[in-house]
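Just add 299 to the spot in the sequence shown (first one is 1) and you have my numbering.
C-beta: ideal position from N, C-alpha, C; glycine also.
Being a predicted model, the structure only gives us computed values, none of them experimental.
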Amino acid sequence: MSEVPIYSIVAPVYNEAGNLRRFYAEVVKALDPIGEAWELLIVNDGSSDGSLALMQELAAEDGRVRVISFARNFGHQIAVTAGVDYASGRAIILIDADLQDPPAVIPRLIAKWKEGYDVVYAVRSQRRGESILKRMSAKAFYRMIHRITDINIPVDTGDFRLMDERVARVLRQMREHRRFIRGMTSWVGYKQTGVEYVREQRVWGETKYPLGKMLAFALDAVTSFSFFPLQIMITISLILAALSLLVGLVISVLRLTMGEEFFGGQATTIVLLLLLSSFQLFFLFIIGQYVARTYDESRDRPLYVVASTVGLPEAQVANQRHANEGAPSAAKSELGRHDGE
Ligand code: UDP
Ligand code: MG
């Protein structure tokens with residue numbers, strides 16, 4: 300077995316065949332000059348385009364490349380989670396495999412870590428090659444999350460970040476199913492800081508986050524870190540109640556002074572009825588979102604199913620049965636990954 304890595308690079312992959320080789324080469328170029336041991340954990344999130352075969356090739360060529368392959372597509376956030384579960388480095392770096400997060404930025408994250416920071420997140424100072432719609436919606440999304448959540452989630456920050464192993468240890472215990480990793484790392488606390496970078500264009504292939512998936516993700520983010528949508532209901536109901544009193548009063552006065560037929564007519568009633576029922580249904584939907592998520596958590600299924608791994612010790616693989624308890628990494632140290640320790 301190779302040296303115990305200091306750095307674990309975690310990259311989720313869903314159909315990135317055209318990017319993998321170049322991604323690997325750039326990781327090597329960024330990490331090797333530092334002169335410390337590292338591992339690259341590639342999580343295959345149910346790719347169907349030959350990405351897996353490519354990963355296996357890379358792992359065969361370079362023992363520092365490890366592969367965790369899911370039984371199906373479980374989603375980006377879950378893939379990242381598996382990478383963190385299996386990582387054994389003292390610092391873990393989350394990065395996309397499509398080269399939008401340039402591996403060349405990694406040494407800057409590491410430098411901050413060496414200064415003593417536990418989380419170093421990469422802040423997008425610019426985004427290249429993404430549609431206006433994506434850029435605007437992302438901007439609005441980050442600002443909304445920042446405003447309405449109880450924890451301090453930095454704006455314009457994706458999952459590209461470095462975390463110390465002590466942050467990873469906490470993260471491994473957080474087994475919620477609807478995951479918003481950037482919020483979860485902020486939640487942990489410790490010393491956190493940011494490093495600015497330019498988010499590049501996708502080198503090859505297309506985004507796996509179309510608008511619908513982005514909205515679902517935003518909903519997960521809000522519900523996992525805020526009760527704002529539930530709390531806003533009381534404000535709205537109070538405003539409507541005050542309004543109805545006022546309107547009642549005004550109409551009474553008008554009818555007394557101007558005659559019976561004033562403010563008759565069904566149109567007003569129908570419009571108001573529709574407006575208010577749409578309000579109510581909207582808030583029912585919101586409550587439903589929280590209820591569904593509660594149900595999701597209570598079933599307590601494993602977060603992911605691993606079909607195969609390459610380059611990871613047998614003991615660790617067997618432990619994926621207990622992935623739900625965050626066990627792979629906890630058990631790892633007992634089971635001889637760090638032989639000689
Ligand atoms: N990804 C994944 N599973 C998914 C969707 C995406 O592992 O279900 C990976 C993808 O291969 C990439 C990263 O997550 O390495 C970010 O995805 P993408 O580039 O599509 O998102 P965007 O950068 O457009 O927000
Ligand atoms: Mg991308």
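Is residue i near the ligand MG, judged by its Cβ being under 7 Å from some heavy atom?
| i | result |
| --- | --- |
| D397 | yes |
| R481 | no |
| R321 | no |
| R501 | yes |
| T448 | no |
Short check: CB of residue i to CB of residue j, under 8 Å?
| i | j | result |
| --- | --- | --- |
| T534 | Y589 | no |
| A378 | D344 | yes |
| V502 | A421 | no |
| A467 | I538 | no |
| G587 | V366 | no |
| R478 | Q376 | yes |
| A316 | S368 | no |
| P406 | I394 | no |
| L470 | V383 | yes |
| E499 | R434 | no |
| S430 | M513 | no |
| T380 | L518 | no |
Would you say the beta carbon of residue i comes nearer than 7 Å to a heavy atom of the ligand UDP?
| i | result |
| --- | --- |
| V604 | no |
| E356 | no |
| G374 | yes |
| K507 | yes |
| P311 | yes |
| A370 | no |
| D384 | no |
| D519 | no |
| E315 | yes |
| A378 | yes |
| D455 | no |
| D344 | yes |
Using a C-beta cutoff of 8 Å, does residue i count as contacting chain B?
| i | result |
| --- | --- |
| E414 | This model lacks chain B altogether; it includes just one protein chain. |
Can you list, in chain order, the residues of its chain with a C-beta nearer than 8 Å to that of residue i? Leave out the 5 residues immediately preceding and following it.
| i | result |
| --- | --- |
| Y323 | L339, L357, D361 and V364 |
| S485 | V418, I450, N451, I452, P453 and Q491 |
| R442 | V454 |
| K507 | Y313, N314 and H375 |
| L353 | A316, L319 and R320 |
| L529 | I585, I586 and Y589 |
Output needed for residue i: all residues of its chain with C-beta closer than 6 Å, excluding positions within five of it in sequence on either side, in chain order.
| i | result |
| --- | --- |
| I444 | I452 and A520 |
| Y496 | V404 and A421 |
Looking at the strands, I want to know which residues DSSP matches up with residue i.
| i | result |
| --- | --- |
| T456 | V422 |
| W661 | A query on residue 661 cannot be resolved here, the shown segment of the chain reaching from 300 to 640 and no further. |
| L461 | I392 and V419 |
| V549 | None, per the DSSP bridge assignment. |
| G493 | Y420 |
| F369 | V605 |
| P311 | V342 |
| R498 | R426 |
| V364 | L339 |
Among residues of its own chain, excluding the 5 on either side of residue i, which ones have a beta-carbon nearer than 7 Å to its beta-carbon?
| i | result |
| --- | --- |
| S641 | Here the chain comprises residues numbered 300 to 640, so residue 641 is not present and cannot be evaluated. |
| N318 | A396, D397, L398, V502, W503 and G504 |
| E624 | Any reading at E624 is ruled out, since the residue's pLDDT is 47, under 50, leaving its predicted position unreliable. |
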